[in-house]
Amino acid sequence: METHSQVVDRLRSSFRSGVTIPEQFRRTQLTKLMSMVKDNEEQILNALHNDLAKPKFEAILSEVVIVINELHHAIANFKSWMQPEYVSKNLATKLDDCFVKREPLGVVLIIGAWNYPLQLLILPMVAAIAAGNCIVVKPSEVSAATDSLIAELIPKYLSQDCYAVVSGGAEETKALLQNRFDHIFYTGSQTVARSILQAASVHLTPVTLELGGKCPCFIYGRVNIAAAARRLAWAKFFNAGQSCVAPDYVLCSLATRDALLPALREALEGFYSKEPQKCPDLSRIVSPRHWMRLMELLKKSSGKVVLGGESDQEDKYIAPTVLVDVSEDDSLMEEEIFGPILPILTVETLEEGIDFINRKEKPLAVYVFSDESSVVNTVLEKTSSGGFCSNDGIIHMTLPSLPFGGVGASGWGSYHGRWGFETFSHQRACMLRGWALERLNGLRYPPYSDEKLGW
Ligand code: NAD
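With full-length UniProt numbering, letter number 43 in the sequence shown gets 43, and the count goes up by one each step, no holes.
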């Protein structure tokens with residue numbers, strides 16, 4: 001059994017050998033990664049079902065298809081991303097070759113979270129492989145079935161000299177972090193991100209942080225309330241609310257709230273029936289510990305449950321739950337909810353809603369639902385967040401052409417598509433000069449006489 005430092009040393013010597021540099025090597029590994037996902041789709045779906053009771057459709061959409069799309073996009077484009085980018089020049093560099101060269105960083109560490117345990121590891125891996133790095137991946141121990149499947153499959157399909165999986169929880173990760181990496185890509189909570197930064201500071205390792213936060217859904221002005229309720233319910237209760245970009249709370253006027261509630265009831269009954277616990281299309285909470293945290297939040301809340309509220313500890317089940325009369329200092333507003341609980345808070349004006357959003361840390365996404373483009377544009381202009389989507393939720397993160405990441409407390413850096421390739425590359429500024437124009441260059445050598453410079 002290799003120690004962590006032996007794993008890192010082995011990968012580093014592979015990286016130094018230059019094996020990951022050729023385009024063909026990267027292409028082969030990306031193609032093998034595609035085969036890994038396609039050949040083992042059934043096992044992947046079973047593991048995701050074991051971990052979170054993920055409905056098959058949700059697992060295919062948000063884990064398998066998103067990974068396959070990212071792989072197709074990277075395989076089709078990474079050769080062009082690798083090319084030197086020639087830049088504009090001035091008179092003094094007219095005869096030189098001036099370009100940006102994308103270079104791999106070296107041995108990178110990717111730490112995953114449990115809520116989308118396949119996607120959150122494989123998407124950054126696609127970017128890191130395309131950029132020519134060696135990789136240590138650390139899946140989340142909380143999604144144990146997917147963790148062990150990934151640990152079994154990656155060495156079977158990918159180069160063992162260049163890519164390794166290390167499994168384990170907090171203690172294992174802390175020990176792993178004592179090693180020097182050339183980049184750390186972390187997905188998870190803000191609390192743990194602080195220890196990741198501390199560990200990274202010892203080696204001055206650059207870090208990408210994919211974190212969470214409280215994503216608001218602001219419903220304002222004229223709006224198609226039935227469609228709004230369906231899209232909101234879908235985005236919120238997909239994966240039982242355990243999505244970093246799930247709408248965390250709703251902001252709307254009292255009148256909109258009163259129209260929204262029956263529409264939400266209809267949407268939820270339509271999606272999950274009147275007995276959601278028996279519906280196979282609703283995920284479960286990942287662990288008893290996470291279930292307990294959510295039940296505590298619910299218990300402490302002074303809000304009024306108007307939809308759902310039922311739970312079953314044995315089954316790690318919480319019904320899709322909606323609360324009203326929730327104040328800004330309620331327990332549900334203290335931290336990211338990350339579960340199937342949706343508080344609705346009321347604001348009467350556009351400015352009030354914008355002020356409310358801006359009083360909180362910058363979220364991973366801001367959602368605004370409105371038929372009025374002036375409302376959408378005002379919220380877009382006057383707030384800041386990792387991403388933004390009007391009249392829907394979550395869906396903006398499925399496009400590999402858009403960067404995915406936070407801002408401020410919701411995360412640093414981004415990935416997906418070319419954005420991930422850039423994250424795992426160093427942009428090296430290169431100037432290739434010859435010996436021409438030496439007389440002209442002579443102007444810059446001392447002595448700096450006015451006469452020589454013509455001043
Ligand atoms: P987590 O921080 O508990 O765990 C994430 C990873 O960190 C796991 O691999 C875990 O083993 C490791 N870890 C846990 N404790 C550690 C410690 N003390 N030291 C070092 N490593 C440690 O997060 P989570 O509960 O798995 O995920 C939930 C959070 O992640 C939410 O805030 C959510 O919004 C966020 N999230 C963000 C994204 C994104 O892409 N921005 C995606 C998914 C989840």
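Think of the CB as a built atom: it goes at the ideal place given N, C-alpha and C, for glycine as much as any other residue.
Requested in this report: Please determine, among Glu-58, Leu-118, Asn-50 and Lys-32, the residue with the shortest C-alpha to C-alpha distance to Leu-158.
Outcome: Lys-32
Query raised in the report: Is the beta carbon of Val-107 sitting closer than 8 angstroms to the one on Val-8?
Result: yes
Requested in this report: Determine, using beta carbons only, whether residue 472 and Ala-151 come nearer to each other than 8 angstroms.
Outcome: With the chain running from 1 to 455 in the structure shown, residue 472 is simply not present.
Query raised in the report: What separation, rounded to the nearest whole angstrom, lies between the Cα atoms of Ala-170 and Pro-206?
Result: 20 angstroms
Query raised in the report: Straight-line CA distance for Ser-370 to Val-347?
Result: Pairing Ser-370 with Val-347, the inter-Cα distance amounts to about 15 angstroms.
Requested in this report: Assign Asp-312 to buried or exposed, taking buried as 16 or more other Cβ atoms, counted over all protein chains shown, within 10 Å of its Cβ.
Outcome: Label assigned to Asp-312: exposed.
Requested in this report: Under 6 angstroms Cβ to Cβ from Ile-184, same chain only, skipping five residues before and after it: list those, please.
Outcome: Leu-109, Ala-200, Thr-205 and Val-207
Query raised in the report: Any chance the stretch 288-302 sits against the stretch 263-271, with 3 or more Cβ pairs inside 8 angstroms?
Result: no
Query raised in the report: Counting Cβ pairs, one atom from each stretch, are 3 or more of them under 8 angstroms apart for the stretch 326-341 and the stretch 369-386?
Result: no
Query raised in the report: From the DSSP output, which residues share a beta bridge with Cys-98?
Result: Met-431
Query - Three-state class that DSSP yields for His-426 in the structure shown - result: strand
Query raised in the report: Does the Cβ-Cβ distance between Leu-303 and Leu-282 come in under 8 angstroms?
Result: Per the sequence shown, residue 303 should be read as Gly rather than Leu. Their beta carbons are not under 8 angstroms apart, which means Gly-303 does not touch Leu-282 by this criterion.
**Report entry** Residue burial classification, Val-87 (beta-carbon count within 10 angstroms, cutoff 16)
**Finding:** exposed
Requested in this report: Specify the secondary structure class of Asp-39 as computed by DSSP and reduced to three states.
Outcome: helix
Query raised in the report: Are the C-beta atoms of Gly-406 and some chain C residue less than 8 angstroms apart?
Result: Among the chains of the structure shown, chain C does not appear; only one protein chain is present.
Query - Residue environment, Met-397, which counts as buried when at least 16 other CB atoms sit within 10 Å - result: buried
Query raised in the report: Who are the near neighbours of residue 460 in its chain, counting only those whose CB is closer than 6 angstroms to its CB and skipping five residues on each side?
Result: This structure does not reach residue 460, given that the chain is present from 1 up to 455, and the question cannot be answered.
**Report entry** Check: Thr-173 C-beta below 7 angstroms from any heavy atom of ligand 1
**Finding:** yes
Query - Supposed close pair Leu-232, Gly-413 - CB separation, criterion 8 angstroms - result: Wrong, their Cβ atoms sit about 29 angstroms apart, outside the cutoff.
Query raised in the report: Under the DSSP definition of a beta bridge, which residues are partnered with His-396?
Result: Its beta-bridge partners do not exist; DSSP assigns none.
Query - First and last residue of the uninterrupted beta strand (DSSP E) at Phe-238 - result: Here Phe-238 belongs to no beta strand (DSSP E), and DSSP marks it neither H nor E.
Report task. Report the partner residues of Ser-311 according to the DSSP bridge assignment. Result -> Ile-318
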